[in-house]
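Take a look at the structure below.
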Amino acid sequence: MTTITINGKQHQLDVDPHMPLLWVIRDIIGLTGTKFGCGVAQCGACVVHLNGEAVRSCVTKLSRAAGQNVVTIEGLSKNNNHPAQIAWNEENVPQCGYCHSGQIMSAAVLLRENANPSDEDIDAAMAGNICRCGTYHRIRKAIHLAAQLQRKEFPSR
Amino acid sequence: MKQQLGIKVYYRSTIRTFAVIGILSSMICIMAFGLNTEKHVIHHSASIIPVVKKDSVASVNAFKQVYAVLTSPRCMNCHPSGDTPLQGEDSHLHTMSPERGVEGKGVYAMKCSNCHQPTNTPGLHSPPGNPNWHLPPADMKMVFQGRTAHQLAKQLIDPKQNGYKDLEKLIEHADDGLVLAGWNPGEGRKLPPMSHAAFKKAWITWLTTGAYAPEEK
Numbered sequence: 168m169t170t171i172t173i174n175g176k177q178h179q180l181d182v183d184p185h186m187p188l189l190w191v192i193r194d195i196i197g198l199t200g201t202k203f204g205c206g207v208a209q210c211g212a213c214v215v216h217l218n219g220e221a222v223r224s225c226v227t228k229l230s231r232a233a234g235q236n237v238v239t240i241e242g243l244s245k246n247n248n249h250p251a252q253i254a255w256n257e258e259n260v261p262q263c264g265y266c267h268s269g270q271i272m273s274a275a276v277l278l279r280e281n282a283n284p285s286d287e288d289i290d291a292a293m294a295g296n297i298c299r300c301g302t303y304h305r306i307r308k309a310i311h312l313a314a315q316l317q318r319k320e321f322p323s324r
Numbered sequence: 198m199k200q201q202l203g204i205k206v207y208y209r210s211t212i213r214t215f216a217v218i219g220i221l222s223s224m225i226c227i228m229a230f231g232l233n234t235e236k237h238v239i240h241h242s243a244s245i246i247p248v249v250k251k252d253s254v255a256s257v258n259a260f261k262q263v264y265a266v267l268t269s270p271r272c273m274n275c276h277p278s279g280d281t282p283l284q285g286e287d288s289h290l291h292t293m294s295p296e297r298g299v300e301g302k303g304v305y306a307m308k309c310s311n312c313h314q315p316t317n318t319p320g321l322h323s324p325p326g327n328p329n330w331h332l333p334p335a336d337m338k339m340v341f342q343g344r345t346a347h348q349l350a351k352q353l354i355d356p357k358q359n360g361y362k363d364l365e366k367l368i369e370h371a372d373d374g375l376v377l378a379g380w381n382p383g384e385g386r387k388l389p390p391m392s393h394a395a396f397k398k399a400w401i402t403w404l405t406t407g408a409y410a411p412e413e414k
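Here the protein sequences line up with chains X and G, keeping their order. Mapping to the working numbering: the first sequence position 82 is 249, numbers consecutive. Mapping to the working numbering: the second sequence position 133 is 330, numbers consecutive.
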């Protein structure tokens with residue numbers, strides 16, 4: 168049995184510890200906001216937070232996440248009101264939308280570590296998240312907006 | 198007469214004292230020299246105390262092997278001249294352009310361990326893994342890419358450029374987990390040009406024969 172906490176809820180799982188975390192999240196737990204893209208850590212569609220870091224769940228084995236805290240797009244905020252989620256909505260960022268749960272999870276780590284990211288910081292943080300629709304300019308714009316919203320909400324940051 | 202005899206006895210005893218001191222000193226020197234040359238590395242219970250016996254020819258020859266390994270893709274790809282690691286047998290820039298960061302572990306959502314797991318990911322050319330995957334930190338970049346053998350040899354033993362590693366620490370580094378990972382590169386990647394054992398032997402030989410740098414060509 169493997170114990171894992173996903174979005175604050177503890178789960179006891181009787182599955183192969185080598186199973187990719189992505190499969191656990193989608194097929195066992197039933198949270199389908201996190202997407203399968205490439206399966207080899209090349210695209211970023213499957214990004215979730217493992218103890219706050221933006222890991223790629225397609226190559227992260229369940230054993231690495233055992234006893235740890237996982238947050239998926241469904242658990243990023245209580246009411247879809249993380250500054251990145253609000254900004255994504257405001258800027259109409261997604262086109263097809265497939266990659267954006269991964270995009271937002273990566274952006275959330277950037278915003279946590281850098282309250283006022285420059286274009287270069289955004290490029291450095293988001294370079295591993297591919298968008299086949301090419302929404303990169305809107306992603307960048309939304310991250311700047313999210314940083315503004317975050318600074319209003321948490322002026323001390 | 199008695200006074201003359203007394204002076205002679207005094208001189209004899211003084212000469213004898215100096216002779217004994219001289220012999221003892223020579224013995225200590227010989228013993229010390231023997232320790233210095235008997236073994237290259239003396240193994241103590243907790244650590245290795247290296248002893249150097251200078252031999253520039255042996256040292257430079259050993260470094261040729263060391264250099265061949267350090268400049269192979271498995272080592273050099275994580276010792277780039279810039280702040281982005283390299284990939285593949287042709288040592289191209291790592292896709293996604295990850296950055297070194299202060300600690301050498303990446304930045305923001307692009308930290309090395311976000312993709313590089315504690316073990317190799319199965320599958321051809323999938324991300325290789327190690328629990329401590331990282332580049333050298335920003336304050337000790339230890340660049341291999343583009344260095345001549347002369348430059349690299351000098352750099353490796355320069356405390357200001359090698360993280361203040363002394364001879365002992367340099368020898369220990371041959372068995373560092375991430376160094377060893379070069380010989381477990383995951384599917385689809387070539388191994389360094391010799392075994393780890395052969396590399397370690399050459400590394401220790403180079404260091405314990407004086408760590409001479411090959412001349413610039």
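Quick reminder that beta carbons are idealized off the backbone N, C-alpha and C, glycines included.
DSSP places R223/X inside the beta strand (DSSP E), whose first and last residues are 220-223. Taking a Cβ-Cβ cut-off of 9 Å, the neighbours of R231/X in chain G comprise Q314, P315, given in sequence order.
Each of R193/X, Q209/X, H185/X was checked against the Cα of T292/G, and the nearest Cα belongs to Q209/X.
What K228/X touches in chain G, judged by beta-carbon distance under 8 Å, is Q314, going in chain order. Y409/G counts as buried, since at least 16 other C-beta atoms from the protein chains shown sit within 10 angstroms of its C-beta. By DSSP's assignment, K228/X forms a beta bridge with P187/X. In this model, M339/G and L367/G are separated by some 13 Å (Cα to Cα). Segment contact: the segment 307-314 of chain G against the segment 221-235 of chain X, three or more CB-CB distances shorter than 8 Å; contact assigned. For a Cβ distance threshold of 7 Å, residue set Y305, A306 of chain G lies close to L277/X, ordered along the chain.
Closest option to N381/G, judged by alpha-carbon separation, among A371/G, H370/G, H393/G: H393/G.
Taking the Cβ atoms as the reference, H347/G lies roughly 25 Å from E286/G, outside the contact range of under 8 Å. The C-beta of C266/X has 16 or more other C-beta atoms within 10 Å across all chains shown, which makes the residue buried. Taking a contact as a CB-CB distance under 8 Å, the pair I271/X and A291/X does not count as one, their CB atoms being some 17 Å apart. Going by C-alpha positions, P184/X is about 12 Å away from V226/X. With respect to L217/X, I195/X sits apart: the two C-beta atoms are not nearer than 8 Å. According to DSSP, residue pairing for M307/G in a beta bridge involves V304/G. A distance below 8 Å separates the beta carbons of G301/G and H331/G.
Under the three-state reduction of DSSP output, N317/G falls in the coil class, being neither helix nor strand. Inter-residue distance for V376/G and P325/G is about 13 Å (C-alpha atoms, whole angstroms).
No residue range can be given for V207/X, since it is assigned to no beta strand (DSSP E) and is classified by DSSP as neither H nor E.
Between the alpha carbons of V238/X and I173/X lies a gap of roughly 6 Å. Taking CB atoms only, T318/G has a neighbour in chain X less than 8 Å away. According to DSSP, residue pairing for N236/X in a beta bridge involves T172/X.
Annotation for A282/X: A314, Q317, R318, R324 place their beta carbon closer than 7 Å to its own, counting only its chain and skipping 5 residues before and after. Within the same chain, H185 come within 6 Å of K228/X by CB-CB distance, once the 5 residues on both sides are set aside.
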